Structures are given as structure tokens and as C-alpha cells.
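To start, the structure itself, in C-alpha cells.
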Amino acid sequence: MGITRYQSITPEEDISLRHVEHLLHPGYVTQHNYKDFFHIALWVDEKGAELMLQRYNMENVNITVIQKTLLELEVPGLAEKRPSLIRGDVVNLRLHGDHIGYKGVISRVNNLSIYIQGVDELLIEYIRSNPDAEIDVSFKLGRLPYERMHNGVDHCVSSGMTNYLFPDNIISNVGILAGRRLPDTEFFNPAIRGNPEQRSAVESILFRSNFAPYIVFGPPGTGKTITIVEAILQLVKKIPGVVILVCAPANAACDMLASKLIQSKRLTEKELIRVHTDTREWDTVPEDVKGYSNYVDGEYIKPRGFELMKYRVIVTTLILSGR
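If you're matching positions, the sequence shown starts at 1 in UniProt numbering and goes up one per residue.
In C-alpha cells, the structure reads:
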């Protein structure tokens, strides 16, 4: 991680920067600086995200009262996820030129607008009576994802997981099962059977030819997703009782993985569950995934740990998995 000093840095700031450089030594992540390295990286990333979100603050805009206590605000760039706003995010509202601020919470997001609830009735009544009122709007970055990531870093160190991330020759058991191959007839996806790279990746994961973690990488369109799906199905088949947690950064990626697993027709609704946060709009969930979701009688349910362990495969976002 490179750190550049700006021209007008003060002596006190320079001392602080030197301390940060000491924590980051030797400049890349190691088992010894893992905790400090990633905490600092997350703080830097959060500050960058805050500055990025400020670009989307708006002045002199109109807001519409569409229900008794619900406001609608058009936000340019929502369709492109710029800014990336979700249900539950906080919105700061202020009449242009006034010093009194109000807060609201996003209740729904579509491609053009956000819907804001929980706003003080005084502001709502004023907007209803003055539909052309000019409002200043700013967005507050949600800290929950960063809190979960910081907790993950701490847990990784306290639980000893860094030994797995940085294995040495004593614990790695490298090559114990190297060379084992899966019979051609046992592949669920015939395309992988004939692809040396994809086949090798699946067999390495299945037979533990090296010490975890395994990283499947390659350019777009090279079959990384179907390789992971094949590996998941093989693990479920070959290892009785195994429970696999499948995570991705965003709902779209999780939905795609869940759809691929469903399309294989190898997992029933009692074996696969797609766990959503209760802030997700139900109509954004793909139709084929809905039957495998934690959604019952018109609302999301929060499965407890022992309930999740009844499934063979659990698909959810990285942030939700940190709960």
C-alpha cells in the first residue's frame, strides 16, 4: 500500500503518517501486519466512499409527497448504481437557505427514484403545501458493511484463521492427494470434463490437492462461475453432511450462483436456500430463485443457525453472512 505525502503536510500529520507506515511495514500484507493492514485499508476505503457519495448531494431539488408520510425523490444515476443507495440508508433534508435539518430513511429504490419515510411531519406538510419548495439533499454513508468487515478482520486474527491464509510447510500438507482425478462419467457439466483448466480446478478443490484457500481466476467469460458451481455440486455429492456457504459481494452475483445451482436440478428446496436481507425488494428477486428463498407468507424470515445447518448449500451476500 503506497502512501504519498501532500505538499502542505504539517509536522503532526507527518508523525501520524510515519506511524501508519510503520504499521503497514513492509508495504504489503503479511501474517504479522494482517490486522493493522486491513483495518487501515478499510478506513481509507470508507473515507473514499464518503467523499464519492458527497458528489451526489443535491441542492434546490423538488420532492413529491406521494402518500401521507412518504416522499419521492428523483436521483440521477440510480439506474447505473451511482450513487448506490439501498433501503435503510439515511437521507438528510433541508429547505434551501434554512438551517434546520431533517432526516429520513430510504424505504424503496427503483431505477429513477428513492422513496423516503420517517421524515418529520412539519417538513412533509410544508412540501405538500408548497410543491415547488426547493430542498437540499445529502446522503449518509451506511457504516454497517464496514463494521462487518472490521469485525471480520478481528475474528480472522483471534480465531487463528491467518494460519490458513499464510500456511507454512508444517501445516500445509501440500500434495497429499495430488494427482487424483474424477471419472469422466461423474461430472455434472460435460463441458468441464473436456476443459483441462476447469477440470483441474474442480479436482483440486474436491480432492484437496493443496492447502486452502483455492483461487479460481481468469478473464471474463472463461467459465469461472460454472467451475465453482461444479465444485459445489461435487462437494455436496462426495462429502456427506457437508454444509457449503456460498457468498458474493452483491445480490446479482448471489442470484446468478443460486440460479446456476437450481438449473442443475441437483438440489431441492430443502437442500438449497438463498438468504436475503429483509431490506430487499421482493420483486427484484429472480423468479426461479424465489422458491428457494427465506420468504414466507409475504415477509422475509431470519433463519437461526441450527435451521441453516439443515441445508446443504446456503447462498447469501458477504455482508449478510457477517451477522
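Glycine included, every Cβ here is placed at the ideal spot set by N, Cα and C. Computed from a prediction, not measured in an experiment: that's the story for all the values here.
For the UniProt domain "Helicase MOV-10-like beta-barrel" (56-129), the full-length beta strand (DSSP E) segments reaching 3 residues or more read 58-61, 71-74, 90-95, 101-109, 113-117 along the chain.
Contact annotation: the segment 6-23 does not touch the segment 94-101, with fewer than three C-beta pairs closer than 8 Å. Using a C-beta cut-off of 8 Å, the segment 151-163 makes no contact with the segment 90-98, since fewer than three inter-stretch Cβ pairs fall below that distance.
Contact between I86 and T279 holds, with the beta-carbon distance rounding to 6 Å and staying under 8 Å. The residues T225, I226, V229, in chain order, have a CB closer than 8 Å to that of K260 in the same chain once the five nearest residues on each side in sequence are set aside. Among the bridge pairs identified by DSSP, V236 is matched with none. Contact between F38 and V153 holds, since their C-beta atoms are separated by about 5 Å, short of 8 Å. Taking C-beta atoms under 8 Å as the contact rule, L257 and V246 qualify, at a distance of about 6 Å.
Y300 has Y295 as its beta-bridge partners, per DSSP. Boundaries of the beta strand (DSSP E) around V246: 244-248. In the three-state scheme derived from DSSP, where H, G and I count as helix and E and B as strand, R274 is classed as strand. Here E186 is exposed. Its C-beta has fewer than 16 other C-beta atoms within 10 Å. For F207, the three-state secondary structure derived from DSSP is helix. Under the three-pair Cβ rule at 8 Å, the segment 210-217 does not count as touching the segment 235-254.
The beta carbon of V157 lies closer than 7 Å to those of Y34, K35 in the same chain, with the five residues before and after it left out. Of L95, V61, Y56, the smallest CA-CA separation from K81 is found for Y56. Boundaries cannot be given for T30, as no beta strand (DSSP E) includes it and DSSP labels it neither H nor E.
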